[in-house]
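A quick write-up on the structure given underneath.
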Amino acid sequence: MATGREITYSQFSESNPEDVFELSTVSIPQQVGSGEVLVRIKCSMVHPCDLGCASGLVNGIELPAIGGFEGLGVVEKVGADLRKLFSPGQRVHVSATHIFGNWKTWLGIWRDYAVLPSEALIPVPDDIEDDVAAQIFVNVLTPLAMVREMRLGPGDVLLQTAAGSVVGRVMIQLGKIFGFQTVNLVRRKETASELIETYDIGTVYVHNGFSGSAEFVNEEIRKELGNAPIKFAIDAVSGDVGRFCLEMLDPGGVIYFYGALSGNSRVPVDIVSDLCRDNKSVKGWSIQETWLRSTSDDTKQSHLDEIWNFLSTRKIVLPAIGTTFPMEKIRDAVIASRRPGKTGKVMLVCESL
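So the sequence shown is numbered by UniProt numbering: it starts at 1 and just counts up by one.
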């Protein structure tokens with residue numbers, strides 16, 4: 001019987017998630033049932049949310065679990081009821097969750113082959129590269145969904161942290177598409193300079209978490225904006241930087257917290273001064289927990305159609321993948337993905353590709 005590989009974990013580790021993953025050999029399923037598709041996985045991303053899963057910080061994980069949130073695959077076999085929708089050889093984006101319908105369980109896609117429900121698959125247009133299609137859910141759908149939910153448009157100002165991340169870079173490009181202004185925070189001067197050059201934008205602010213940095217950045221941002229209010233903010237860093245963003249919001253503003261890249265998941269919030277007196281709103285946001293569970297299939301498809309169009313017309317251009325690793329080097333891949341100052345995303349590829 002033909003075999004393939006999969007990367008699993010049977011315990012959680014918040015401090016050292018790279019140590020919980022194991023590579024094993026399994027039989028490749030030979031049959032697919034109604035509503036199912038057998039997919040050969042070509043490549044998959046190593047995202048912060050993948051490490052969050054292995055750290056026990058994501059809902060829906062039942063141990064032992066297969067790692068990996070999203071990637072790109074090729075259809076091998078199709079359930080009889082799906083042959084008008086999918087065909088062998090077709091490229092599809094694969095996800096650990098149901099994109100359409102009701103999200104039932106975490107599936108995991110760090111493996112050579114997977115039998116997946118059709119709701120977890122997105123057909124990929126011919127003109128979209130594999131490495132781009134493999135990351136559309138986390139890195140492109142996340143910022144677009146927030147833009148649509150906030151209803152950002154001309155005249156609006158959005159403050160964002162982690163502007164050098166792929167999500168941050170896509171948000172800068174979405175600002176140009178929809179006409180809103182992004183105020184961008186990064187941790188390093190080198191990243192700030194590169195963003196200014198790459199995207200032809202004004203000042204990018206360096207907030208390194210030190211107390212003196214916050215006051216200086218606050219003054220510089222206010223000088224740039226003049227009387228324009230900051231009514232929207234998104235933060236993927238948390239801790240002191242997240243608190244800074246909350247303070248920068250003008251009365252009536254809203255901040256979405258969608259990550260804790262700093263490792264500190266706590267942001268001090270003053271109920272009286274922040275929320276009651278200044279009427280600011282704080283919202284936790286997750287593409288899988290917040291958006292997938294509350295959004296209609298028609299809206300999801302509309303967002304995906306927009307994404308393919310933006311990528312095809314190069315209104316959105318993703319940065320090149322930084323480093324690729326074979327599946328047996330999963331520990332090295334996870335360590336590389338956590339390294340500060342890395343260039344580009346980390347990707348797992350099948351050895352035979």
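For every residue, glycine included, the Cβ atom is placed at its ideal position computed from N, Cα and C.
Residue environment analysis places D298 among the exposed positions, since fewer than 16 neighbouring C-beta atoms fall within 10 angstroms of its C-beta. Following the DSSP letters along the chain, one finds K300 inside the alpha helix (DSSP H) bounded by residues D297 to S312. Straight across, the Cα-Cα distance linking Q31 with C43 is about 23 Å. Distance from V74 to S87 at the Cβ level is roughly 11 Å; contact not present, criterion being Cβ atoms closer than 8 Å. In this structure, A133 sits near R91, with a CB-CB distance shorter than 8 Å.
For the pair A65 and I28, the CB atoms are not nearer than the 8 Å cut-off.
In summary, F100 is buried, with 16 or more beta-carbon neighbours lying within 10 Å of its beta-carbon over all protein chains present. By the neighbour-count definition (other C-beta atoms within 10 Å, threshold 16), E36 is a buried residue.
The DSSP-derived three-state label of M150 is helix.
For K315, the secondary structure class from DSSP, reduced to helix, strand or coil, is coil.
The alpha-carbon of G253 is positioned some 15 Å away from that of V147. Beyond the five residues adjoining it in sequence on each side, N309 comes within less than 6 Å, by CB distance, of no other residue in the same chain.
With contacts defined by Cβ atoms closer than 8 Å, I172 and I196 do not form a contacting pair. In its chain, beyond the 5 residues on either side, no residue has a beta carbon closer than 6 Å to the beta carbon of S15.
For L144, the CB contacts under 7 Å within the same chain, skipping 5 residues up- and downstream, are L174, H303, E306 and I307 in chain order. In the structure shown, M347 adopts extended strand secondary structure according to DSSP, grouped into three states. The DSSP assignment places complete alpha helix (DSSP H) segments of no fewer than 4 residues inside the segment 16 to 73 at 48 to 54, in order along the chain. In this structure the segment 320 to 328 does not touch the segment 181 to 196; the number of beta carbon pairs closer than 8 Å is below three. Under DSSP, R111 takes part in a beta bridge, and its partners are E6.
Straight across, the Cα-Cα distance linking P229 with I221 is about 11 Å. Counting only unbroken stretches of 3 or more residues, the beta strand (DSSP E) elements lying wholly within the segment 218 to 260 are 232 to 235 and 254 to 257, in sequence order. Contact check for P123 and L261: beta-carbon distance about 32 Å, past the 8 Å limit, so the pair fails to qualify. Burial check for L63: the Cβ neighbour count within 10 Å stays below 16, so the residue is exposed. Sequence-distant Cβ neighbours of V204 in its own chain, meaning closer than 7 Å and more than five residues away, are A163, N184, V186, A192, L195 and I196. If you look at Q173, you'll find it in the alpha helix (DSSP H) that goes V166 to F178. Beta bridge pairing from DSSP links R91 with V74. Using a 10 angstroms sphere on the CB of Q160, the tally of other CB atoms reaches 16 or more, which defines it as buried. At the C-beta level, P17 and S312 stay beyond 8 Å of one another.
Rounded to the nearest angstrom, the gap between the Cα atoms of L72 and M327 is 15 Å.
Here the alpha carbons of L141 and V46 stand approximately 16 Å from one another. Out of A333, P251, R151 and E129, the CA that lies nearest to the CA of R314 is found in E129.
The criterion of a C-beta distance shorter than 8 Å is not satisfied by V115 and L51. CA-to-CA, the gap between R5 and L107 works out to about 15 Å.
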